[in-house]
Structure formats: structure tokens, C-alpha cells
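The sequence shown begins at 3 in the working numbering and counts up by one.
The beta carbon of each residue, even a glycine, is placed where N, CA and C say it ideally should be.
Encoded as C-alpha cells, the structure appears first; notes follow it.
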Amino acid sequence: MEILQNLISDDNLAWKKSLDEHTDSFLIKLSHDSILELEKKKDNLQSSKINDFPILEHEILKLEESYLIQGNGFFILDGSCLENFSNENVKEIFRIISTCFGQLYVQNIKNEKFVTITDEGKSMKTGGRYHQTKEGGSFHTDSPQWSKVPDFVGLLCIRPAKIGGISKFVSVYTIHNQILKLNPDFLKLLYKKFHFDKRNEFKENESPTTFEPIFKYEDNELKFRYLRNYINDGQKIVNQPLSSDQNHVLDQLDKAIHDENFSVSYNLSQYDMTFFNNHRIIHGRTSFEDFVESDKKRYMVRVWIKNNR
Ligand SMILES: [Fe+2]
């Protein structure tokens, strides 16, 4: 097992909060020509594929290369240019753009490729999944309990919350630097394997946990998988609750991940879409408060993508 032992000074990888001041480094407006292509097929979006939109396809593939493969690991498509489309239209546009990056994963036992993120009144403490709650914190990577995690995650905002629910992005390279500065021995422990709770979504004769390291360095790339609650619970399931040393190191990791100096915050507005590299971006949100009316509640749609490359 290889450990990345040096500090990463490349600002494209190890960026900090100051990226916030340069929204043009991650906030993208689709070109007028791409929007025109979509408008021309407005009534047939449901049956359309990405190759029906050559200008849009070219633009998205360029964004993939410059932001998700190279670059800072994430970008936000400004939804204001989609104001002439309906909610259903925009969901189709989100599908069309997502498939440009690769293959969409089925995300759950209900066979859904597009999962709704809304407050279902559940809580993480009682076994709920993050996307079914209105809780904030618990910054994480998506689906760390799968042996092969999604490469990219896409989120579409149909409706923001009344208050809060602000998206947060953190670079894995920045966190790696911080832990290395704190204590290289902490890093060694984080490159060891932990049990991640599969949250009851596993087949008969399958293990209820996935056993994988938090940090992994392979092919010159740093990869990260993390959701603290899934590790706490996974270790309990296999009767190996976290030791005080492990808890201490994970607490230090959480402290770094939640350090305001390292995260970029962005309040997604209606029809904004964000796509990020799930191996090197940690994400989360602030807790939120909804409007009382159910048709005004915060409503996002999520996709998980296996990259084509
Ligand atoms: Fe997530």
C-alpha cells in the first residue's frame, strides 16, 4: 500500500476557502448555442440523448476534463439560463448532461438512477440516510459503503430550502495536507481499512459491511471514501468498535474536514446543477428549514456516475 508522503502545493488540487472569492473558477454558464439546442428540442427532451446536442456535448466534455479530471474537482452550472424550461424539462436536461459523463448507477434496491433528496422526517441517528433528513454536517463522500464508489456525483436543485441547506465542498488534497502536517502517523492509520455499514442494503450471503481504507493513493491519484456514521456503525456490526486511537484520529479528520477555512460554500438556486469528483471532493451541507407547504420543500435530484474513461 502506497502512502502519499509529501505536501501537495498545487492550488488546483489543494484549494481552500479562498476559492470562494473566485466564483468564476467553478460557476459556469452554459453557452447561448447550447441553450438554443435544448430549446429547439424542448418538446422531445424525454426521448433525447446527449448526442442529439453536439454543441452541448462538446461543452460538457470540456468541463469534465477541465474541472472533474483536472482542475479543482467540481463545478456548478448556473441554472438561471434554464428559466424558460419547466421542472420536468430541467430534470430531462440533467439526465442528458449526466449521461455525457458516463453510465448512471442504480442507487438503491428500488432500482432508482435519479434519487430525490428531500426531508422525509428521518434522522441519521436512527438509521436514516443523509439524503432523507434535514440535518447538516457529516461531510462525506457518496456511497462509501460500496466497494466501487461512484466516480462523479451530480445534484440538481429544483427548489432550495427556505433557510439553509447550503452546499459545502472540501478538497481531499487539502485535508491530506492538514493531517500530514498534524501527524504523519495519523495518516498511516487512515490508509488502513475500516468497516463501512451497508445500511441494510445487501443481498443474502453478502457481508453487511465493506472493508476499505479512507485514503488510498494509486496511479498518482489520491482517493478518499468517508462517512463517519457508516464507519462507527460498520465497526460495531463486526464487533470491533473503534478503539480510542482510531476515534481520536477520526475526530482530528472530522475537525479538519469541518474547518471553515477549507470549505467552499454555495447556495444552489433553482435549476443549478453541480457535478463533482467523488474521489477527491468531500461534500456536505448546512442544516435547513423548509416552508410548511409540501410543494415548496427543498427538492434536489441526485445521480451517481461511473466515468467512461
Ligand atoms: Fe452526499
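Enclosing alpha helix (DSSP H) for residue i [first to last residue]
i, result
"R1", "The structure shown has nothing for residue 1, since the chain only spans 3 to 311."
"G236", "R230 to I239"
"S246", "S246 to I259"
"D121", "Counting along the chain, D121 falls outside any alpha helix (DSSP H), and DSSP gives it neither H nor E."
"K195", "From DSSP, K195 is part of no alpha helix (DSSP H) but of the beta strand (DSSP E) over K195 to D199."
"K190", "P186 to L192"
Where the beta strand (DSSP E) containing residue i begins and where it ends
i, result
"D221", "Unbroken run through D221: none, as it is neither H nor E."
"N86", "Element bounds for N86: n/a, residue is neither H nor E."
"M308", "According to the sequence as given, residue 308 is Lys; it is not Met. Looking at the DSSP string, the run of the beta strand (DSSP E) that includes K308 is Y301 to N309."
"S149", "Counting along the chain, S149 falls outside any beta strand (DSSP E), and DSSP gives it neither H nor E."
"Y268", "S265 to Y268"
Cβ-based neighbour list, residue i, same chain, cut-off 8 angstroms, excluding 5 preceding and 5 following
i, result
"R1", "Outside the shown range of the chain (3 to 311) lies residue 1, about which nothing can therefore be said."
"E262", "K19"
"E214", "P146, S149, K195, F196, F198 and R227"
"L184", "Q254 and A258"
"K51", "I98 and T101"
"N46", "none"
"F204", "P210"
"N14", "Q72, G73 and N74"
Cβ shell of residue i (< 6 angstroms), same chain only, five flanking positions each side left out
i, result
"I62", "I99 and C102"
"I181", "F188 and L189"
"G138", "R287, T288 and S289"
"L58", "S36 and E39"
"Y69", "F77"
"Y301", "T120, I160 and R161"
Own chain, CB closer than 7 angstroms to residue i, minus 5 neighbours either side, in chain order
i, result
"F271", "According to the sequence shown, residue 271 is Ser rather than Phe. Only G81, C159 and P162 meet the Cβ criterion."
"Y2", "Because the chain in this structure spans residues 3 to 311, residue 2 falls outside the shown range and cannot be described."
"L65", "I30 and F77"
"N280", "T143, D144, V151, P152, D153, F154 and V155"
"S265", "K19, K170, F171 and V172"
"L79", "I30, L32, D274 and M275"
"S296", "none"
Beta-ladder partner(s) of residue i, from DSSP
i, result
"I284", "V172"
"N279", "F154"
"T211", "D199"
"H142", "H285"
"E291", "I165"
"F226", "F217"
"L182", "Looking at the DSSP assignment, L182 forms no beta bridge with any residue, so it has no partner."
Contact test: residue i Cβ vs ligand 3 heavy atom, cutoff 7 angstroms
i, result
"Y132", "Absence of ligand 3 is noted for the structure shown, with ligand 1 being the only ligands found."
Starting from the N-terminal side, write out each stretch of the beta strand (DSSP E) that is 3 residues or longer and does not extend beyond the segment 4-83. With a minimum length of 3 residues, the unbroken runs of beta strand (DSSP E) contained wholly in the segment 4-83 fall at 76-79.
Measuring CB atoms only, is the segment 130-148 touching the segment 277-296, in the sense that at least three cross pairs come out at less than 8 angstroms? Because the criterion of three Cβ pairs below 8 angstroms is met, the segment 130-148 and the segment 277-296 touch.
How do the segment 115-132 and the segment 72-83 stand: do at least 3 beta-carbon pairs fall below 8 angstroms, yes or no? no
For the segment 236-252 and the segment 204-212, state whether three or more C-beta atom pairs, one from each stretch, are separated by less than 8 angstroms. Contact between the segment 236-252 and the segment 204-212 is established, with three or more Cβ pairs separated by less than 8 angstroms.
Could you check whether the segment 104-120 touches the segment 298-308, counting it as contact only if at least three pairs of C-beta atoms, one from each stretch, sit closer than 8 angstroms? yes
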